[in-house]
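Asks: Please see the structure below; I have some questions.
Number of protein chains: 2
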Amino acid sequence: MNVDERREQLLELALELFAERTFEEISIDEIAQTAGISKGLLYHYFPGKRAFYVAAVRHAAEQLLSETTGKVEAARDEEVEQGELLRVGLSAYLDFIEKRATTFIFLMRGGMAGDPEVRAAVDSTRQAFIEVMLEGSADGDDPRARTAVKGLIGFIEEASLDWLGHQDFPRDELANLVVRVGLATASAFA
Amino acid sequence: MNVDERREQLLELALELFAERTFEEISIDEIAQTAGISKGLLYHYFPGKRAFYVAAVRHAAEQLLSETTGKVEAARDEEVEQGELLRVGLSAYLDFIEKRATTFIFLMRGGMAGDPEVRAAVDSTRQAFIEVMLEGSADGDDPRARTAVKGLIGFIEEASLDWLGHQDFPRDELANLVVRVGLATASAFA
DNA sequence: GGGGCTATTGAATCGAAGTCAATAGCCCGC
DNA sequence: GCGGGCTATTGACTTCGATTCAATAGCCCC
Chain A
4 MNVDERREQL LELALELFAE RTFEEISIDE IAQTAGISKG LLYHYFPGKR AFYVAAVRHA
64 AEQLLSETTG KVEAARDEEV EQGELLRVGL SAYLDFIEKR ATTFIFLMRG GMAGDPEVRA
124 AVDSTRQAFI EVMLEGSADG DDPRARTAVK GLIGFIEEAS LDWLGHQDFP RDELANLVVR
184 VGLATASAFA
Chain G
4 MNVDERREQL LELALELFAE RTFEEISIDE IAQTAGISKG LLYHYFPGKR AFYVAAVRHA
64 AEQLLSETTG KVEAARDEEV EQGELLRVGL SAYLDFIEKR ATTFIFLMRG GMAGDPEVRA
124 AVDSTRQAFI EVMLEGSADG DDPRARTAVK GLIGFIEEAS LDWLGHQDFP RDELANLVVR
184 VGLATASAFA
């Protein structure tokens, strides 16, 4: 099998496995066996178990990002107002987490969140996502804005995870909630 | 050394070590050596490395909780209004994270966030903290309220972490931001 | 049809977690 | 003061899983 195909196959497998169980609970042997290859081959594609995990996180992050930013940028080209931009971003975000729930959960809750590389990957995704939604805002490099945005990301992630786990009210209401909070956040330091 | 003292000593050590490096990066041998005891003794106090880590998380969570809820309850006895209660809670929270930054970081970012027991410990702390601040609110068991509160917790945690890392504007402004967002959240589904 | 490249394997190594039988210190009744 | 028995403590042993590596298999190009 071709290099890119195999890498892709292994990364997709990683998303499934690591969404269910933690890093340590899954042995290299199990990964290899499930993938139908030998342990040694895994090391041919990734330098180690940890690196494999990090690659999976990056893979998931890229998926999330590529499926959300496009829609927001399209909306921005139509010069909609701030709240609407947030709403479009949210909607794309929620589309993603509904369609690829395990990927999303892996990204958010996957063990090893303490690992610097993992954190960096997740953080850069967050940053890129929020920047797309806020582009054009006049906050510049105000530290208060930075902190507020981080908080907003936290809100979105936690609320989305909770909603995803229960789904006991319409998605639009979640979007409304987030947009309200987002606008409150934006106005708080303006 | 007495049992409780030793356990306490080991847990405090765990907070320091695990705040700096991840679960896997720290070996049982290193922990034992740093504590000045043998590896075997660690197993006398904790059934395994993982259990030791979980115990440390619980320890940290208890510290956070015990140092915050008391102040909020005291304020509630004086029947202050909702926003003020939030502010008091926040203030106690920020006191804690300033004073015991490594403990807080360990609690939030400590690796193994994916571990069910760790997550349960952290979640119950979050829940207890927020319940104390919102007690008396009329949200009852509305799923929207639950999701909103989760989001708010996410906001507080992420914003606090960011602020703690930079501390480039006054603490009170952070508190103001959070209170505003908190009130916006509360009003969003009322 | 052979040389050389890459994918692939399985056995060997190595390190760290976990186990266990033995020792050391201490409190208690006598 | 002295021996029995309890708990703390140790260090060597075992085990399991990550990582390494030398060898094989398949394929492409000359």
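Top line first, the protein sequences correspond to chains A and G. The opening position of the first sequence corresponds to residue 4 in our numbering, with each subsequent residue numbered one higher. The opening position of the second sequence corresponds to residue 4 in our numbering, with each subsequent residue numbered one higher. All residues carry an ideal CB built from backbone N, CA and C; glycine is no exception.
Could I get the ranges of all uninterrupted alpha helix (DSSP H) runs contained in the region 80-139 of chain A, with 4 residues as the minimum, in chain order?
Replies: The qualifying runs are 85-102, 104-112, 119-137.
Asks: At the level of alpha carbons, what is the spacing between residue 164 of chain A and residue 100 of chain A?
Replies: Taking the straight line joining both Cα atoms gives about 9 Å.
Asks: Can you tell me which of the three DSSP states residue 12 of chain G falls into?
Replies: The answer is helix: DSSP assigns residue 12 of chain G an H, G or I state.
Asks: To the nearest whole angstrom, what separates the beta carbons of residue 13 of chain G and residue 48 of chain G, a pair I think is in contact under 8 Å?
Replies: Rounded, the Cβ-Cβ distance is 6 Å, consistent with contact.
Asks: Can you pull the chain G residues whose beta carbon is under 7 Å from the beta carbon of residue 153 of chain A, in chain order?
Replies: Chain G residues near residue 153 of chain A: 161, 162, 165.
Asks: Would DSSP call residue 36 of chain A helix, strand or coil?
Replies: It is helical.
Asks: Could you please give the first and the last residue of the uninterrupted alpha helix (DSSP H) stretch that includes residue 159 of chain G?
Replies: Where residue 159 of chain G is concerned, the enclosing alpha helix (DSSP H) stretches over 146-169.
Asks: Using CA coordinates, which residue listed in G/188, G/173, G/119, G/130 is at the minimum distance from residue 25 of chain A?
Replies: Minimum Cα distance to residue 25 of chain A is reached at G/119.
Asks: Output, in chain order, the set of chain A residues within a Cβ distance shorter than 8 Å of residue 51 of chain G.
Replies: Chain A residues near residue 51 of chain G: none, gap ~11 Å exceeds 8 Å.
Asks: Quick one: Cα of residue 72 of chain A to Cα of residue 132 of chain A, how far?
Replies: Roughly 7 Å separates the two Cα atoms.
Asks: Cα separation between residue 1 of chain A and residue 20 of chain A?
Replies: Residue numbering for chain A in the displayed model covers 4 to 193; residue 1 of chain A lies beyond these limits and cannot be assessed.
Asks: With DSSP collapsed to three states, give me the class of residue 21 of chain A.
Replies: Residue 21 of chain A falls in the helix class under three-state DSSP.
Asks: Check the Cβ of residue 156 of chain G against every Cβ in chain A and list those closer than 7 Å, keeping chain order.
Replies: Here the neighbours are 161.
Asks: For residue 59 of chain G, does the count of other Cβ atoms within 10 angstroms reach 16, so buried, or fall short, so exposed?
Replies: Residue 59 of chain G comes out buried.
Asks: Between A/117, A/113, A/69, A/36, which lies nearest to residue 95 of chain A when the distance is taken from Cα to Cα?
Replies: Considering only alpha carbons, the answer is A/69.
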